[in-house]
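Add 16 to the 1-based position in the sequence shown for my numbering, that's all there is to it.
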Amino acid sequence: MRNAQAGRGAPNCAVRYVDAHDGVFAMNKHSHLAVPDCLRGVAAISVLLFHLNHWLGIPWLASNAGIAVDFFFGLSGYVLCVAYRGRFERGMSGALFARIRLIRLLPMIVIGTLLSASYLATRSVLLHDIDIHPGWLAAATLLGMSCIPTFGAPHTIGGPQVFPLNGPEYTLFLELVVNLFWMVTRRFDGLAFAFIVTLAGYSLTAVFGMGGDTPGTFLTGFPRVFGAYYLGVLLYYGDGKFGVLSWKIWKSLFLPASIATLVMMAWPAQVPFLAQWLWAAAVMPLLILGGSSITLTGPALTVALVLGELSYPVYALHYPTFVWLNGIYQQSMHRKDPVLEAALFLPIILLTSYLIMRFVDTPVRSWLVSRFGRPTVKAVLDTTAADTTV
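1. Where does the unbroken alpha helix (DSSP H) through Cys163 begin, and where does it stop?
2. Using C-beta distances below 6 Å, list every residue in its chain close to Met199, excluding the 5 sequence neighbours before and after it, in chain order.
3. Tell me the DSSP secondary structure of Ile310 in three-state form.
4. Using 10 angstroms around the beta-carbon of Val223, count the other beta-carbons present and answer buried if the total reaches 16, otherwise exposed.
5. Please confirm whether Tyr135 and Trp340 have their CB atoms less than 7 Å apart.
6. Report yes if the C-beta distance between Ser327 and Arg56 is below 7 Å; otherwise report no.
7. Rounding to the nearest angstrom, what Cα-Cα distance links Leu68 and Tyr335 in this structure?
8. Where Ser79 and Ala60 are concerned, what is the direct C-alpha to C-alpha distance, given to the nearest angstrom?
9. Run the CB neighbour count on Gly248, radius 10 Å, all protein chains shown included, and call it buried at 16 or more, exposed below.
10. Looking at the structure shown, is Gly102 part of a helix, part of a strand, or coil, going by DSSP?
11. Which ranges does the alpha helix (DSSP H) cover as unbroken runs of at least 4 residues, wholly within the segment 196 to 267, from first to last along the chain?
12. By the DSSP assignment, the alpha helix (DSSP H) with Gln292 in it spans what residues?
13. Mapping the DSSP letters down to three states, classify Asp353 as helix, strand or coil.
14. At the level of alpha carbons, what is the spacing between Pro379 and Ile364?
15. Short of 7 Å in beta carbon distance, which residues of its chain neighbour Pro52, apart from the five on each side in sequence? Order them along the chain.
16. Cβ of Ile173 within 7 Å of Cβ of Ala154?
17. So what's His171 in DSSP terms, helix, strand or just coil?
18. How many whole angstroms separate the CB atoms of Val260 and Leu251, which I take to be in contact at a CB cut-off of 8 Å?
19. Just how far apart, CA to CA, sit Thr313 and Leu269?
20. Is it the case that the CB of Ala244 approaches a heavy atom of the ligand NAD more closely than 6 Å?
21. Under the three-state reduction of DSSP, which class applies to Val178: helix, strand or coil?
22. Can you check whether the CB of Val299 is closer than 7 Å to the CB of Ala320?
23. Going by C-alpha distance, which of Trp76, Phe238, Phe338 is nearest Val85?
24. I'd like to check one pair, Ser369 with Val322: are the Cβ atoms closer than 7 Å?
25. Please work out which residues of its chain come closer than 6 Å, Cβ to Cβ, to Phe189, disregarding the five sequence neighbours upstream and downstream, and give them in chain order.
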């Protein structure tokens with residue numbers, strides 16, 4: 017089964033590379049991952065709207081878009097299997113996989129942490145309107161750049177969030193944890209193992225809830241990420257054993273699943289936890305399977321690729337960019353205009369995320385590959401779909 021799966025996954029996986037002339041990312045036009053990639057971008061923007069809801073006090077704006085996090089985890093499990101399961105079978109080491117993941121994720125994490133830290137330092141020095149302990153700010157900065165949780169941080173720097181300088185970073189920490197677990201257990205990974213982990217994750221989530229961003233909910237984040245991630249792994253192995261992706265039913269279910277997702281995300285009041293749990297267990301996999309059954313060409317493919325490329329920078333940078341924009345607006349206008357601010361900040365955050373990705377993150381990652389990676393690191397980065405993470 018594994019040999020067949022490895023052979024099936026490699027030629028169909030999304031191909032990404034950094035063009036030597038202009039640094040633009042591209043994808044194989046025959047990829048079956050373009051639609052999920054597009055959904056990943058839409059999900060990142062929905063999370064941005066969800067946080068604008070909370071940060072600006074706009075209760076009707078994407079009230080339930082936090083469920084997009086489960087989609088990120090599930091899609092990550094599926095895509096990383098497509099990209100690396102066959103390579104593991106052919107002898108790729110765990111150390112190489114870890115190096116690739118860190119090169120992919122850490123630069124944006126460092127950039128986001130430094131942006132937030134510089135904002136707080138600027139406010140403290142120039143405006144003297146917040147009392148920040150330099151030791152706490154330094155500790156949170158160093159830990160945040162290393163993607164290590166900070167417990168007990170004061171409210172003035174973002175506590176009680178376990179990543180006070182960039183609250184959404186907790187999901188990236190959970191992503192790295194489950195990536196490490198998947199790497200360590202790869203030798204006995206398979207359909208049965210993925211099913212057991214998925215069942216355990218969703219069962220524990222049903223009992224203890226979905227969380228992970230504060231000390232009080234920190235441990236509940238682990239069942240959530242393991243359940244959703246291994247559901248993606250389960251879809252991969254299910255396709256290898258039963259040819260699940262070839263079933264025509266997924267295309268017909270994709271549109272209803274997408275509409276149900278948009279309705280839930282946009283619902284003006286918070287939906288019950290059970291509805292969120294059922295969505296993550298039953299609807300989210302339909303988006304992955306249905307999206308992977310659809311082939312895009314022409315302008316639609318271009319739009320999908322752009323949205324996919326924007327997803328990670330938007331997710332990693334939307335909070336640090338927001339605090340700067342909101343601080344400048346409040347200091348200039350001396351009032352709060354929630355809807356106007358949301359309308360202004362949304363395109364600015366998207367543009368800023370793109371520019372940082374284009375002119376900072378991409379060159380830094382290229383340098384890291386040339387400086388610290390073996391030639392095999394660049395080869396794998398240039399020929400896999402390993403960038404599907406938020």
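Glycine included, each C-beta is placed from N, C-alpha and C at the ideal position.
Note that the coordinates shown come from a computational prediction; the quantities given were computed from them, not determined experimentally.
Per the coordinate set shown:
1. Following the DSSP letters along the chain, one finds Cys163 in no alpha helix (DSSP H), marked with neither H nor E.
2. The residues are Gly110, Phe113.
3. The answer is coil: DSSP assigns Ile310 none of H, G, I, E or B.
4. Exposed, by the Cβ-count rule.
5. Taking 7 Å as the Cβ cut-off, Tyr135 and Trp340 qualify as a contacting pair.
6. Contact annotation: Ser327 and Arg56 have beta-carbon atoms nearer than 7 Å.
7. Their backbone Cα atoms lie some 9 Å apart in a straight line.
8. Distance between the alpha carbons of Ser79 and Ala60 is about 14 Å.
9. So Gly248 counts as buried.
10. Three-state result, Gly102: helix.
11. 207 to 224, 237 to 258, all fully within the segment 196 to 267.
12. Taken as a continuous stretch (DSSP letters only), the alpha helix (DSSP H) holding Gln292 covers 289 to 294.
13. Note: Asp353 maps to coil in three-state DSSP.
14. Near 22 Å, if we compare the C-alpha coordinates of Ile364 and Pro379.
15. Taken in chain order, the residues that qualify are Leu91, Ile304, Gly307, Ser308.
16. No, the Cβ-Cβ distance between Ile173 and Ala154 is not below 7 Å.
17. In this structure, DSSP gives His171 a helical state, which the three-state scheme calls helix.
18. About 7 Å separates the CB atoms of Val260 and Leu251; that is less than 8 Å, so the two are in contact.
19. In a straight line, the C-alpha of Thr313 is about 21 Å away from that of Leu269.
20. Ligands displayed in this structure: none; no statement on the ligand NAD is therefore possible.
21. In the displayed model, Val178 falls within coil according to three-state DSSP, outside both helix and strand.
22. It is not a contact, given that the beta carbons lie outside the stated cut-off.
23. Of Trp76, Phe238, Phe338, the smallest CA-CA separation from Val85 is found for Phe238.
24. Going by C-beta atoms, Val322 is not nearer than 7 Å to Ser369.
25. Shown here for Phe189: same chain residues with a beta carbon closer than 6 Å to its own, the five before and five after excluded, namely Cys163 in chain order.
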